[in-house]
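Same order as they appear, the protein sequences are chains A and B.
Quick note on our numbering: the first sequence kicks off at 1 and runs consecutively.
Quick note on our numbering: the second sequence kicks off at 1 and runs consecutively.
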Amino acid sequence: MYRIKVDHNKCTGCRYCELACSLNHLTTAFNPKKARIRVMKKNGGFFPVISGPCTQAACNVKIDIVIGENVYDFCDLCRAACPYKEVFKDPNTGVALQCDFCGIDAPGPACVRWCPSGALSLVEVSSYI
Amino acid sequence: MFGWAGKILRVNLGKERIFEEELKPEANLDVLGGRGLAVKLFTTEVKPEVDPLSSENKIILMTGPLTGTGVNSASLCAIVTKSALTQTLVGAEVKLYFGAELKAAGYDGIIIEGKAKEPVILEIQDERVNILPADYLVGQDTKTTITLFKNTFNDPWVAREVRVLCIGPAGEKQLPVAALVADGLLVSESVGIGAVFGSKNLKAIAVRGTKDVLVNNGQRLIGAISTAVKECINNKALNTFSLFGSYHTYEEFLNKGILPSFYFTRPYVLSVPLSQIQTTWKRKRACFSCPVACLKADQNGTFFPELEAFIALGPLCGIDELSLICKAYQACLNNGLDPVETGTFIASLMKISEKKLLEEKELPIKVQFGDKEAYRNLISLLNQPEGLFSLAKDTASLWEKVGETEEFVGIKRRSISLDISHSSFLALYAVTSNWPTLHPHVYGFINIHKEDIPKKVKTVQDISAVLECLGVCPYLYIGLPLKAFLPMVAAVTGLEWKEENLLKVGSHIISLEYGFNQKAGIGLEANRLPKKHQAIGFENMLKSYYQLRGWQ
């Protein structure tokens, strides 16, 4: 099966993947806020995160630490892949958006095709480990 | 019409009122958008003789029709105002994500007028536009300002997506050398605008937009962008630019003597090789939808200085320690100071001290060319910019104060950090620019034949203006010709433009800007090279340039 491989060391933060995804699904409009892949910034690096498939088990390891008035979210990147996370909800309708792996034919989904830095690539894996 | 949002925000800070105005793109096709539209609106609304720091001066931010549409490198948002440093019109370009976010919020631009009574921050989240008090941000550096402001949001995801354009303590003190910083990156050519923000008590502008940016023909645009991105990736010149950023001509400049040191008293002798500079870059950073990624950052995401800033803060002061230069650059960014002006000011102080033009007790701090210890003290002094600039507000005034105006190296009171007397092309480009600039994308033209220089300078200026009107980064001109953008302009806006018509737009804008400057009292007589940096045959070149433009 095919999967999208993310090499965050190569990501420059140009957000072409978000643009490609939104144009592919909206057909005549761009809106990175409606993309099913979002580029997160953490400690000076960029991490493209794909709104992944739902699993049967609910997340039960969520950790929020409150210091003073601020809430620090300790599952930032991992849990960001959850399609029910705010960042993947359509800003108008609130509907959770999920990656539908558009275009299985080579060279792959829109985000992979458009990525100019080579951070995203399509790889074939035998199965889930 | 597609590409334009069709709405402009007019924010009156004095009356604390916000209006939404309709923008008719059809009526403004002579200037397109971006820098052109901002200049057109500014020159019709503001009198040329206005004092830059008075409440009558306005700040106009404007995105281009291609900004935020996914066209390669279309991320620009122009800021036009009357500069507090040069007293001319000035147009800076905000890079990274600010422009795209403003377009997604549903606005083409913002007109800011009046003066707020207390420090404020302008917050735009789609239709929700607020003028918020910013007392808690007073005196804070740019980094802290952004963090503190983002902390006011309950939702961390929203806070991440807010883009903040702000000034530092230097801007608040209304120093002419103050610049703007957007999301940790210096806004290029924004020197002289920081003080205008400060005079209006406007600490920052924050934007987040969630709307769709509509295009005329999505399928055609996909094809056009794919072709252009492929061209960018396979283009040799752009590849070099992507690899080295503004340092792409470093060694050539070095051989030609364009890089000076010790405040222009001797040519720079290589002490920091390009390979050493390269090892400090850990990451390539790109602006919104840019396949080139010419920005350089370290492991923590801190930006590396561009060539002009590097020369000003390093070799001009006799400093060759890379980590010190980076530290000084970071201090400039934190305090909202322009690094070129700051570097040349420090270097001037060193030269004044060396020539004993002022007594030691008159200098704000002990300085000496190449003295690393004194330089370290200077960096910490940058945290109180008004202390360093107590002697004079900018480099030009400093040399006026000591009575040696011919020692000042700059054009129209704006310092330059390259020795342009060794390149007629750079000299003509900088002198004839309506606000003195030396963009990195023109560095590569220094070898063209002398007779072709005036025509080439005009063409490059016109094309840069057109690209900035469209919202596209002019640096792409290194590898992509203007006609490569025509299919994308057509796919986004639905308008079929010809290259010669676009060039006319560029020429028209340059003339509009020049007309404003002339009425403001800065006409052709100000187009002079620094006294000690004359280039051979320059006057003739200037004449043929004026003939091409039709200026008397």
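The beta carbon of each residue, even a glycine, is placed where N, CA and C say it ideally should be.
> By a C-beta neighbour count over all protein chains shown, 10 Å radius and 16 as the cutoff for buried, is B/Thr265 buried or exposed?
Replying inline: exposed
> In this structure, does DSSP put B/Asn28 in helix, strand or coil?
Replying inline: helix
> Which value, in whole angstroms, describes the spacing of the CA atoms of A/Asn92 and A/Ser22?
Replying inline: 14 Å
> For B/Ala204 versus B/Ile79, is the C-beta spacing smaller than 7 Å?
Replying inline: no
>> Below 9 Å on C-beta distance, what does A/Thr93 contact in chain B?
In response: Neighbours of A/Thr93 on chain B: none; closest Cβ ~11 Å, over 9 Å.
> If the cut is a Cβ gap below 7 Å, which residues of chain B does A/Ala29 touch?
Replying inline: Asp212, Val213, Leu214, Val215
> Which chain A residues are close to B/Val229, counting only those with a beta carbon under 9 Å from its beta carbon?
Replying inline: Tyr16, Trp114, Pro116
> Can you list, in chain order, the residues of the segment 281-299 of chain B whose Cβ is nearer than 9 Å to any Cβ on chain A?
Replying inline: Lys282, Arg283, Lys284, Arg285, Ala286, Cys287, Phe288, Ser289, Cys290, Pro291, Val292, Ala293, Leu295, Ala297, Asp298, Gln299
> Using the beta-carbon count (16 or more within 10 Å), is B/Arg128 buried or exposed?
Replying inline: exposed
>> Taking the alpha-carbon of B/Glu555 as reference, which of B/Leu9, B/His533, B/Tyr514, B/Glu20 has the nearest alpha-carbon?
In response: This structure gives no information on residue 555 of chain B, because the portion of chain B shown stretches from 1 to 552.
> Would you call the segment 426-440 of chain B and the segment 99-107 of chain B in contact, with 3 or more CB pairs under 8 Å?
Replying inline: no
> Quick one: Cα of B/Phe345 to Cα of B/Cys332, how far?
Replying inline: 12 Å
>> Looking at chain A, is there any beta carbon in it that lies within less than 7 Å of the beta carbon of B/Gly572?
In response: In the structure as shown, chain B begins at 1 and stops at 552. Residue 572 of chain B is therefore absent and cannot be evaluated.
>> My assumption, with CB atoms under 8 Å, is that B/Ile448 sits in contact with B/Ser423. Please give the rounded CB distance.
In response: Their Cβ separation, rounded to whole angstroms, is 10 Å, which puts B/Ile448 and B/Ser423 out of contact at 8 Å.
> If we count the other Cβ atoms within 10 Å of its Cβ and call it buried at 16 or more, is B/Pro273 buried or exposed?
Replying inline: exposed
> So with Cβ pairs under 7 Å, would you call A/Ile129 a contact of chain B?
Replying inline: Confidence at A/Ile129 is low in this model, with a pLDDT of 46, below 50, so the placement of that residue should be treated as unreliable; the coordinate-derived value is given next. No, A/Ile129 lies away from the interface with chain B (no Cβ there is under 7 Å from its Cβ).
>> Please classify B/Glu101 as buried or exposed, where buried requires at least 16 neighbouring CB atoms within 10 angstroms.
In response: buried
>> Quick check: B/Val472 and B/Ser190, are their CB atoms within less than 7 Å of each other?
In response: no
> Per DSSP, B/Phe303 forms a beta bridge with which residues?
Replying inline: B/Ala297
>> Taking the straight line between their C-alpha atoms, what separation do you get for B/Leu165 and B/Phe2?
In response: 27 Å
>> Please give me, in chain order, every unbroken run of the alpha helix (DSSP H) with length at least 4 that falls completely inside the segment 31-76 of chain B.
In response: 34-45
>> Measuring only the C-alpha atoms, how far is A/His8 from A/Ala119?
In response: 6 Å
>> Does A/Ile129 pass the burial test, meaning 16 or more other C-beta atoms within 10 Å, or should it be called exposed?
In response: Confidence at A/Ile129 is low in this model, with a pLDDT of 46, below 50, so the placement of that residue is unreliable and no value is reported for it.
>> In chain order, what are the residue ranges of uninterrupted alpha helix (DSSP H) at least 4 long that sit wholly in the segment 212-246 of chain B?
In response: 218-234, 236-244
> Should B/Asn234 be labelled buried (16 or more other beta-carbon atoms within 10 Å of its own) or exposed?
Replying inline: exposed
> Is any beta-carbon of chain A found at less than 7 Å from that of B/Gly109?
Replying inline: no
>> Helix, strand or coil, according to DSSP, for B/Gly387 in the structure here?
In response: helix
> Using Cβ-Cβ distances below 9 Å, what residues of the segment 232-254 of chain B are close to chain A?
Replying inline: Cys232, Ile233
> Between the segment 313-347 of chain B and chain A, which residues of the former have CB atoms less than 7 Å from a CB of the latter, in chain order?
Replying inline: none
> Short check: CB of B/Val431 to CB of B/Val442, under 7 Å?
Replying inline: no
> Of all the CB atoms in chain A, is at least one closer than 7 Å to the CB of B/Gly301?
Replying inline: yes
>> Judging by CA-CA distance, which residue of B/Thr63, B/Ser54, B/Glu20 is the nearest neighbour of B/Gly83?
In response: What sits at residue 83 of chain B in the sequence shown is Ser, not Gly. The candidate whose alpha carbon is nearest that of B/Ser83 is B/Ser54.
>> I want to see whether chain B comes within less than 7 Å of A/Lys5, judged by CB atoms only; does it?
In response: no
>> Between A/Leu19 and chain B, is any beta-carbon pair separated by less than 7 Å?
In response: yes
> If we cut at 7 Å on Cβ distances, does B/Gly479 have a partner in chain A?
Replying inline: no
> At a Cβ cut of 9 Å, what residues of the segment 517-528 of chain B count as close to chain A, listed as they run along the chain?
Replying inline: none
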